[in-house]
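For the sequence shown, the UniProt record's numbering assigns the number 1 to the initial residue and increments by one for each residue that follows.
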Amino acid sequence: MPDFPFRDRPDKQRVQLTLDKVSSSADAEQVLAFLDFQWTFRTMQATYEQLLDQYQLSESKFIILMLLENETDHTLLPSELATKLGSARATVSKLLVGLQKRGWVEKQHPQDDKRTVAIHLTAAGSRVLTQFLPANFKAVTTIFASFTIEEQQQFKDLMDKIKQGTQHLKSEAINHE
Numbered sequence: 001m002p003d004f005p006f007r008d009r010p011d012k013q014r015v016q017l018t019l020d021k022v023s024s025s026a027d028a029e030q031v032l033a034f035l036d037f038q039w040t041f042r043t044m045q046a047t048y049e050q051l052l053d054q055y056q057l058s059e060s061k062f063i064i065l066m067l068l069e070n071e072t073d074h075t076l077l078p079s080e081l082a083t084k085l086g087s088a089r090a091t092v093s094k095l096l097v098g099l100q101k102r103g104w105v106e107k108q109h110p111q112d113d114k115r116t117v118a119i120h121l122t123a124a125g126s127r128v129l130t131q132f133l134p135a136n137f138k139a140v141t142t143i144f145a146s147f148t149i150e151e152q153q154q155f156k157d158l159m160d161k162i163k164q165g166t167q168h169l170k171s172e173a174i175n176h177e
């Protein structure tokens, strides 16, 4: 993710001037809340990516390892991984190459169909998860440390509303294409 350390962030007056210039009926406070939310998310994401990087992981690689870990036999087909990740098979294939090079996953051929390739989590891949997960959960705890239980629920409820708004925006964008 590119680093955008914006130091000159607009205040309410500057946002309002911009809104007036383009004759927008948007609310300046909403615009500022959106900018703050976006900036906070980007900062959190960049910090989390640094944590992942300490373990030679990306978010996608971590998710793949977790998906495999949670399977009874620690094995999934590449197509199943792509579906669960919501990614293209080509993208998953590239990720799997990197995981294979590290020895965290291996290709297996099921006995009943030698043409099929399954992806299996290795002991080394499982160890990476065992090492990373405590740091992962500590990061979550640190981020939400100042929230009360009630605030966590309020935050979840507000996030649900943001998801709804995002879906409406997505629908509007599709309808305007």
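Where is the CB? At the ideal position from N, CA and C, for every residue including glycine.
In this structure, does DSSP put residue i in helix, strand or coil?
| i | result |
| --- | --- |
| L121 | strand |
| Q56 | coil |
| L51 | helix |
| P134 | helix |
| T43 | helix |
| K101 | helix |
| V92 | helix |
Using the Cα positions of residue i and residue j, report the straight-line distance between them to the nearest angstrom.
| i | j | result |
| --- | --- | --- |
| Q56 | V97 | 14 Å |
| Q100 | A123 | 12 Å |
| F137 | A46 | 17 Å |
| T72 | D157 | 33 Å |
| K21 | K12 | 14 Å |
| S79 | S23 | 48 Å |
| K161 | Q167 | 10 Å |
For residue i, I'd like the list of residues in its chain whose CB is within less than 6 Å of its CB, leaving aside the five on either flank, ordered along the chain.
| i | result |
| --- | --- |
| V31 | V15 |
| A145 | none |
| A26 | L19 |
Using a Cβ-Cβ cut-off of 8 Å (strictly less than) and excluding sequence neighbours within five positions of residue i, which residues of its own chain qualify?
| i | result |
| --- | --- |
| P110 | T116 and A118 |
| M1 | Bear in mind that the predicted position of M1 carries a pLDDT of just 42, short of 50, making it unreliable; the figure below should be weighed with that in mind. Excluding residues within five positions, the ones whose Cβ falls inside 8 Å are R42, Q45, A46 and E49. |
| F4 | Note that F4 scores a pLDDT of 49, beneath 50, so its modelled location is shaky; the value from the coordinates is reported in the next line. Only R42 meet the Cβ criterion. |
What are the partner residues of residue i, as DSSP defines its beta bridges?
| i | result |
| --- | --- |
| K107 | I119 |
| L76 | I119 |
Starting from the C-beta of residue i, find all residues in its chain whose C-beta is less than 7 Å away, skip the five residues before and the five after it, and write them out in chain order.
| i | result |
| --- | --- |
| F155 | F147 |
| A139 | Y48 and L51 |
Going by C-alpha distance, which of the options is nearest residue i?
| i | options | result |
| --- | --- | --- |
| V128 | K61, L95 and A90 | K61 |
| I64 | Q54, D53 and L85 | L85 |
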